[in-house]
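Enquirer: In terms of the working numbering, the sequence shown opens at residue 18 and continues consecutively.
Note that beta-carbon positions come from the ideal geometry of N, C-alpha and C, so glycine has one too.
The structure presented is a predicted model; accordingly, all values stated were derived computationally and were not measured.
This is the structure, below, for whatever I ask next.
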Amino acid sequence: MGDRLPRTRIEEPYLAILRRRIEEQYESNPTGCGGSFGEILCWEIHTNGLTFEWLAQKWGLSLPTLGELIWDHCKRLEYGPKVNHDYRSAP
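Right, here's the structure in full:
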């Protein structure tokens with residue numbers, strides 16, 4: 018499934034390495050929507066119409082690894098919690 022990941026950045030988490038390598042590979046073949054991982058991911062799914070299975074194949078990843086990348090991306094979009102202290106449950 019592609020080249021082995023280099024061991025030069027031990028402190029860099031695995032998903033960050035994958036995101037960076039995907040961004041680097043799109044630099045020479047840009048989508049026109051931007052070069053960040055999130056922009057590339059959204060373009061491939063929403064504009065290019067790839068399913069998760071097809072995208073995993075295109076990127077040379079397992080489906081579970083792609084799922085982790087998508088989950089990690091979505092988690093980063095979430096706002097921090099804001100507690101509503103006036104909330105009352107329905108009787």
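1) At the level of alpha carbons, what is the spacing between residue 53 and residue 40?
2) I think residue 48 touches residue 57, with their Cβ atoms under 8 Å apart; what is that distance to the nearest whole Å?
3) First and last residue of the alpha helix (DSSP H) that includes residue 88?
4) Should residue 76 be labelled buried (16 or more other beta-carbon atoms within 10 Å of its own) or exposed?
5) Count the other CB atoms within 10 Å of the CB of residue 83; is the residue buried (16 or more) or exposed (fewer)?
6) Looking only at C-alpha atoms, which of 31, 30, 29 and 36 sits nearest to residue 90?
7) Whole angstroms is fine: what's the gap from residue 97's alpha carbon to residue 85's?
8) On the DSSP letters alone, give me the boundaries of the alpha helix (DSSP H) that residue 61 sits inside.
9) Helix, strand or coil: how does DSSP classify residue 33 here?
Expert: Looking at the atomic coordinates:
1) Here residue 53 refers to the residue found at position 36 of the sequence shown. Here residue 40 refers to the residue found at position 23 of the sequence shown. Rounded to the nearest angstrom, the two C-alpha atoms are 6 Å apart.
2) Counted from its first residue, the sequence shown places residue 48 at position 31. Counted from its first residue, the sequence shown places residue 57 at position 40. Confirmed, Cβ separation roughly 6 Å.
3) Position 71 of the sequence shown, counting from 1, holds the residue named residue 88. From DSSP, the alpha helix (DSSP H) with residue 88 extends over 80-94.
4) For the purposes of this step, residue 76 is taken as the residue at position 59 of the sequence shown. So residue 76 counts as buried.
5) Numbered from 1 along the sequence shown, position 66 holds the residue referred to as residue 83. Flag for residue 83 reads buried.
6) Translated into the one-based positions of the sequence shown, residue 90 becomes position 73. Among 31, 30, 29 and 36, the Cα nearest to that of residue 90 is on 36.
7) Residue numbering aside, residue 97 sits at position 80 when the sequence shown is read from its first letter. Residue numbering aside, residue 85 sits at position 68 when the sequence shown is read from its first letter. Taking the straight line joining both Cα atoms gives about 20 Å.
8) Locating residue 61 in the sequence shown gives position 44, where the first residue counts as 1. It is not in any alpha helix (DSSP H) - residue 61 carries neither H nor E in the DSSP assignment.
9) Start at 1 with the first residue of the sequence shown, and residue 33 comes out as number 16. It is helical.
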